[in-house]
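Protein chains in written order, with my numbering: chain Y, 186 to 277; chain D, 42 to 166. All C-beta atoms, glycine included, are put in the ideal place defined by N, C-alpha and C. Treat the numbers as computed from the prediction; the structure is a model and nothing was measured. Below is one structure; the comments refer to it alone.
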């Protein structure tokens, strides 16, 4: 079920404050965050985030198209591993 | 074979059943369209007059639904956007794996296609 429209999008309060500060100072600097659930709002566009994925902080550069998605969607929590990597080891 | 809206050629079925041959019109929209055009859903498509066909076309356009090429393009654009912004759903689409969190340990054959058996290739001694 989607979130009630009455409440508006969820964004961590801390993040909003930081973005406001950067915007008013007209600065851009990467923001490290653990708040994967925060929605990308139009103020975020052009900023860079380091979004925690449980281990690292992949960089996420926010573009206009990303508005309405959540930060976590851009920072995968799983590593894709395929089969067939043993061969090199075996042949040694 | 009647021609409606350019490419579509619904055949000699009941009009209610032949409208869904248009990409973007399903059974329920077909009913609504016929109602607003004032046409009996049981008449055969071949027996409809030019004016009646015209009425159906205007009724479809009035719904404002994306249809045929427009709809296909919309869907493509949605996919493209997801893949371009590099979000989780886009990545899943790119790898042609299930997008909505289904398991992939087994099943998921619709997305993954026919089974490909993989095994470890051991070096020969």
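Using 10 angstroms around the beta-carbon of residue i, count the other beta-carbons present and answer buried if the total reaches 16, otherwise exposed.
i                      : result
residue 267 of chain Y : exposed
residue 223 of chain Y : buried
residue 123 of chain D : buried
residue 19 of chain D  : Residue 19 of chain D is absent from the model: chain D starts at 42 and stops at 166.
residue 245 of chain Y : buried
residue 114 of chain D : exposed
residue 265 of chain Y : exposed
residue 45 of chain D  : buried
residue 93 of chain D  : buried
residue 218 of chain Y : buried
Rounded to the nearest angstrom, how far is the Cβ of residue i from that of residue j, given a contact under 8 Å?
i                      : j                      : result
residue 207 of chain Y : residue 234 of chain Y : So it is not a contact: roughly 11 Å between Cβ atoms.
residue 78 of chain D  : residue 96 of chain D  : 4 Å
residue 74 of chain D  : residue 108 of chain D : Actually they are not in contact, since the Cβ atoms of residue 74 of chain D and residue 108 of chain D sit about 11 Å apart, beyond 8 Å.
residue 201 of chain Y : residue 220 of chain Y : Not confirmed; about 10 Å, so no contact.
residue 249 of chain Y : residue 230 of chain Y : 5 Å
Given this structure, state the Cα-to-Cα distance separating residue i from residue j, to the nearest angstrom.
i                      : j                      : result
residue 61 of chain D  : residue 67 of chain D  : 5 Å
residue 237 of chain Y : residue 154 of chain D : 33 Å
residue 129 of chain D : residue 49 of chain D  : 36 Å
residue 89 of chain D  : residue 63 of chain D  : 17 Å
residue 232 of chain Y : residue 197 of chain Y : 16 Å
residue 43 of chain D  : residue 111 of chain D : 21 Å
residue 145 of chain D : residue 127 of chain D : 21 Å
residue 116 of chain D : residue 141 of chain D : 17 Å
residue 156 of chain D : residue 262 of chain Y : 26 Å
residue 190 of chain Y : residue 241 of chain Y : 32 Å
Once the 5 residues before and after residue i are set aside, which same chain residues still bring their CB inside 8 Å of it?
i                      : result
residue 125 of chain D : 131
residue 85 of chain D  : 53, 54, 55, 56
residue 225 of chain Y : 247, 251, 252, 253, 254, 255, 256
residue 214 of chain Y : 207, 233
residue 99 of chain D  : 78
residue 150 of chain D : 156
Which same chain residues end up closer than 6 Å to residue i when comparing Cβ atoms and leaving out the 5 residues on each side of it in sequence?
i                      : result
residue 204 of chain Y : 228
residue 243 of chain Y : 260
residue 195 of chain Y : 224
Going along the chain, which residues of its own chain have a beta-carbon closer than 7 Å to the beta-carbon of residue i, five neighbours each way excluded?
i                      : result
residue 59 of chain D  : 51, 52, 86
residue 65 of chain D  : 106, 107, 108, 109, 112
residue 277 of chain Y : Bear in mind that the predicted position of residue 277 of chain Y carries a pLDDT of just 45, short of 50, making it unreliable; the figure below should be weighed with that in mind. Within the same chain, residue 277 of chain Y has no close Cβ partners at all.
Residue i versus chain C: which residues are under 7 Å apart at the beta carbon?
i                      : result
residue 268 of chain Y : You won't find chain C in this structure, because its protein chains are Y and D.
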